[in-house]
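Below: one structure, written as C-alpha cells.
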Amino acid sequence: MGEHKVSLLSNKKQMHHFVRQLLADIRALEYMLENNWFESGITRIGAEQEMCLVDKKTYKPAPISMEVLAKMKNDAWVETELAKFNLETTQEPRELKAKCFSLMEEEIRLKLDKIKGKVSKFDAEVVLCGILPTLRMFHLEMEYLTPEKRYYALMEAINAQLEGNAYELRLMGIDELLIKHDSPLLEACNTSFQVHLQVDAKDFVKMYNIAQTLTAPIMAIAANSPIVFGKRLWHETRIALFQQALDTRSSKYHMREKSPRVSFGNGWLQNSILEIYKEDIARFRVLIAGDIKEDSGKLISKNQVPKLRALQVHNGTVYRWNRPCYGISPNGQPHLRIENRVLAAGPTVVDEIANTAFWMGIMVGMADEVDDIREMITWEDVRDNFGKAAKFGIDSNFTWFNDEKISACDLVLKKLIPMAKKGLKKRKVNQKDIDKYMGIIEARAEMHMNGARWQLRAYTKLMKETNRDEALTCLTASIIANQKKGIPVHTWKMPKLSDLKTYSPSKMLVEEFMFTDLFTVRKDDIVDLVADIMDWKSIRYTPVENKDGELVGMITSKLILNHYINNKQNNGKTSSQVKDVMDKNPPTIEAKDSIKKAMKKMKEFGVGCLPVVKDKELVGMITENDFIRISNRLIERQKS
35 MGEHKVSLLS NKKQMHHFVR QLLADIRALE YMLENNWFES GITRIGAEQE
85 MCLVDKKTYK PAPISMEVLA KMKNDAWVET ELAKFNLETT QEPRELKAKC
135 FSLMEEEIRL KLDKIKGKVS KFDAEVVLCG ILPTLRMFHL EMEYLTPEKR
185 YYALMEAINA QLEGNAYELR LMGIDELLIK HDSPLLEACN TSFQVHLQVD
235 AKDFVKMYNI AQTLTAPIMA IAANSPIVFG KRLWHETRIA LFQQALDTRS
285 SKYHMREKSP RVSFGNGWLQ NSILEIYKED IARFRVLIAG DIKEDSGKLI
335 SKNQVPKLRA LQVHNGTVYR WNRPCYGISP NGQPHLRIEN RVLAAGPTVV
385 DEIANTAFWM GIMVGMADEV DDIREMITWE DVRDNFGKAA KFGIDSNFTW
435 FNDEKISACD LVLKKLIPMA KKGLKKRKVN QKDIDKYMGI IEARAEMHMN
485 GARWQLRAYT KLMKETNRDE ALTCLTASII ANQKKGIPVH TWKMPKLSDL
535 KTYSPSKMLV EEFMFTDLFT VRKDDIVDLV ADIMDWKSIR YTPVENKDGE
585 LVGMITSKLI LNHYINNKQN NGKTSSQVKD VMDKNPPTIE AKDSIKKAMK
635 KMKEFGVGCL PVVKDKELVG MITENDFIRI SNRLIERQKS
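Counting in this note's numbering, the sequence shown tops out at residue 674, every number present.
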C-alpha cells in the first residue's frame, strides 16, 4: 500500500537530509546482509487486491472511495488507491503450505463481500479487472485524484520531472491509441493483484532471476487488460500504459539512454539485492520524502532492526514489475520478498488465486531443477518474451531454454504446470488445492481462453451490434455478473445485449457518443477533392483543420452543392479552394458537454453536425444520426 506519511521535498536542506537517510538505509541493509540478520527457512505468501468501484446503473467509475472508507474505519486491511474510484485490500501473510491458497481465496471473498455491502449503499458495485472498460479520459482528470497528501505530493513531484509538455500514450493492437494527457493520473487506469513471495536472503539472486524469467509465461496465461477507452490494444495493456503514464522523458535527437521509472529491468541480478536498490537510487531522482525519525545506523549499532523507511519510500516510487521488498517478520527478524506486479485484477478471485498458485509453484519447482537460470536462457530472450507476452498474451510464442521456440500454451501445459505441481507438493500444499488451481490454469491453456481473449472476443461481437458506449457497458456488466457467480473465465459465455437489463448512459455526454475516426481536409485543398471524399465515404460533413489539428472550418454537402451551382452559373470561374467555400466559424461542442446541450446547439444554429473540440483542437464529431441511434436504442430497451 506504500508509505502514508510522505511529502514533497520543499528545499535543498530537506532533500539532503532525506538522501542521507536513504544512504544510511543502504549501509544498514548491507550490514544486515553481511552478518546474516535475515530470517530464513520459512516461506510466506501475501497479496494486495485492487478493485474498481462503478455505478450500479451506468457501470461507469463511481468516485466514492472516501465515503466507503468512512464507513470502514475499523478495517485496517482496506485502503485508498490513487483514484477515487479504486480501493485496495491487503491479505494476511501465511506460510506456503497446506490450504494457504484456498484460505487466501476465502479471505479475499470475505473482504470483498464486506466492501460490496458498504458500496451497495451508494448504488455502486465492485469490479475486478485490469483496466475498467467503461473508463473515460475525463475520469482521469485531477478532480478524481484521491484527496490525500501523499497522492498530491506524488503527482506534483512526477509533474516536476516532466521534460515535455504532456504525457503521451502510443499503443497499437487491433486498434490504435494516440493521446496526450496533462497528468500522471493515467496510472489510475490500472488495477492489479500483486503477489508477494518471501525468499531467503542467500537465495534472493537466484529466485529473483527466476521470477524475471517466469514473468512472460505467467503474464501470457493470466492477461486481463486488453481494452482502454474503447480501443482494443495489447492483451496486457497495463504494462505499456503504466510505463507511459509515468514516463517523464521526451524524445531527443541524440541516442542517450534514460530509463523509465516503470521498467522490467536492464539485466540479470548478479550478486545481491543491493544492486537493484543502488541502481534505482543512481538512476532516479528522489521524488518525495517520508516523515522519518529513525536513524538506521544507530539502530544497527544497538543490534536493533531498522524499518529502512527512507529506502522503502524511494522504492515505492520506482516501479519494477518484479519489485524487491524489505520487511520485518512477527519474530522481529528482517526478511526479503519478491513482489510480482504483472498480474491484473480479476477476472475472478478463483482465477487470481490460480495465477498465484501457478507462479509460486513454478518459482519453487524451477529453483529445485535449475541451479543458475542465466545458463539456460539469455537476458535478451527473457526481456523479449516479456514484451511479447504483454502484447500478445496467450497467443505469444516464446524463446525458452536452450533456444527452444514454443507457444505460450504449450509451454504452460508441457513444462510449467508439471513443474508447478512438483513445487507445490514439495511445500506440502494441500492436494485438493493443487488440483483445483492447476486445473484452472490447465483448462485455460487447453481452451486457449483467458480474461484478455474473452474481453476482446466479447467486445468485438458487441461492437457489431450497437454503439461503443453500450458495448462497453454491456461488457462491464457481464464481467460483474460472472464474478458474482465465481466461475473461472475460461467457462464464461459471450455476453448478449439482452443481458444488460438497463442501459442509462452516465450523464449522456458528447464524449460517450462522438465518433473519432474522421476524414478531414485542409483549407488549401480543392473542392473537388472534398466532394469526392464525401461521396466515397457517404458523409455529409467534413471538418477543415490546420497542420496542428485545430479546427478552422466546416464543409457540408449543402455548401458543396451551392459551390457547383455557382460555378456553373459563373462559367467555371468560381474559386475551387476549400477556404473560399467552407463555413469559417462553425458552432462547436466540447467532449464533456451533455448530449442535451449538443442537441440544443444544433437546433439553435440549424445544423446537423457539431465538431467536438478541446482548446481549438478537433477531437471528434457528433451528428444528428448519432442522436437518432441513441434514441432508437433507448426506445428498443423500453419495449423489451
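Beta carbons are placed, not taken as given, at the ideal position from N, Cα and C, and that holds for glycine.
Taking residue i as part of the alpha helix (DSSP H), name the residues at either end of that continuous run.
i	result
Gln489	Gly485 to Met497
Ile249	Correcting the residue type first, residue 249 is Thr in the shown sequence and not Ile. That run of the alpha helix (DSSP H) goes Phe238 to Ala256.
Pro621	Here Pro621 belongs to no alpha helix (DSSP H), and DSSP marks it neither H nor E.
Val578	Run containing Val578: none in the alpha helix (DSSP H); it sits in the beta strand (DSSP E), Tyr575 to Glu579.
Thr433	That residue, Thr433, is in no alpha helix (DSSP H); its beta strand (DSSP E) goes Asn431 to Thr433.
Glu159	Premise fails: Glu159 lies in the beta strand (DSSP E), Ala158 to Val161, not in any alpha helix (DSSP H).
Lys439	First-last for Lys439: Lys439 to Ser441, but that is the beta strand (DSSP E), not the alpha helix (DSSP H).
Phe72	Looking at the DSSP string, Phe72 is not in any alpha helix (DSSP H), and its letter there is neither H nor E.
Thr390	Val383 to Glu403
Gln277	Arg272 to Ala279
Gly457	Ile451 to Lys460
Gly380	Neither: Gly380 is in no alpha helix (DSSP H) and is coded neither H nor E.
With DSSP run on the structure shown, which of helix, strand or coil describes residue i?
i	result
Met588	strand
Asp11	Because the chain spans 35 through 674 in this model, residue 11 falls outside it and cannot be assessed.
Gly642	coil
Gly654	strand
Ser532	helix
Ser628	strand
Phe52	helix
Gly324	strand
Met171	helix
Arg266	strand
Ser293	coil
Arg319	coil
Pro260	coil
Tyr537	coil
Glu480	helix
Gln338	coil
Leu345	helix
Leu67	helix
Ile662	helix
Val647	strand
Met206	strand
Leu196	coil
Gln304	coil
Arg408	helix
Leu179	strand
Arg61	helix
Take residue i and list the residues in its own chain whose beta-carbon comes closer than 7 Å to its own, dropping the five residues that flank it on each side.
i	result
Thr247	Ile407, Ile411 and Val416
His50	none
Met528	Arg491, Ala492 and Lys495
Ala632	Val544, Ile623, Leu644 and Ile656
Gly399	Met453, Ala454, Lys456 and Gly457
Could you please give me the residues that DSSP links to residue i through a beta bridge?
i	result
His230	Gly80 and Glu373
His215	Tyr201
Asp617	Met588
Val88	Pro95 and Glu159
Gln611	Ile560
Leu543	Ser628
Would you mind giving the Cβ-Cβ distance between residue i and residue j, rounded to the nearest angstrom? I have them listed as a contact below 8 Å.
i	j	result
Ala442	Ile428	6 Å
Ala454	Met472	6 Å
Val88	Thr180	No, Val88 and Thr180 are not in contact; Cβ-Cβ is about 16 Å, not under 8 Å.
Ile513	Pro381	7 Å
Tyr201	Gln278	7 Å
Val339	Pro364	About 12 Å separates the two Cβ atoms, so there is no contact after all.
At what residues does the beta strand (DSSP E) containing residue i begin and finish?
i	result
Glu113	Val112 to Thr114
Tyr360	Asn356 to Ile362
Phe298	That residue, Phe298, is in no beta strand (DSSP E); it is neither H nor E in DSSP.
Leu121	Asn120 to Thr124
Glu221	Per DSSP, Glu221 belongs to no beta strand (DSSP E) and is neither H nor E.
Residues in the same chain with beta-carbon distance under 8 Å from residue i, minus the five sequence neighbours each way, listed in chain order, please.
i	result
Leu67	Ala235, Ser306, Ile307 and Leu308
Lys292	Arg283
Leu595	none
So, for residue i: in the same chain, excluding its five sequence neighbours on each side, which residues have a beta-carbon less than 6 Å away from its beta-carbon?
i	result
Ile662	none
Thr550	Gly654
Tyr575	Thr590 and Cys643
Glu141	Gln125
Asn258	Gly164, Ala378, Gly380, Pro381, Gly485 and Ala486
His230	Gly80, Arg371 and Glu373
Lys648	none
Tyr287	Residue placement at Tyr287 is flagged as unreliable, the pLDDT there being 48, under the threshold of 50; a coordinate-derived value is accordingly withheld.
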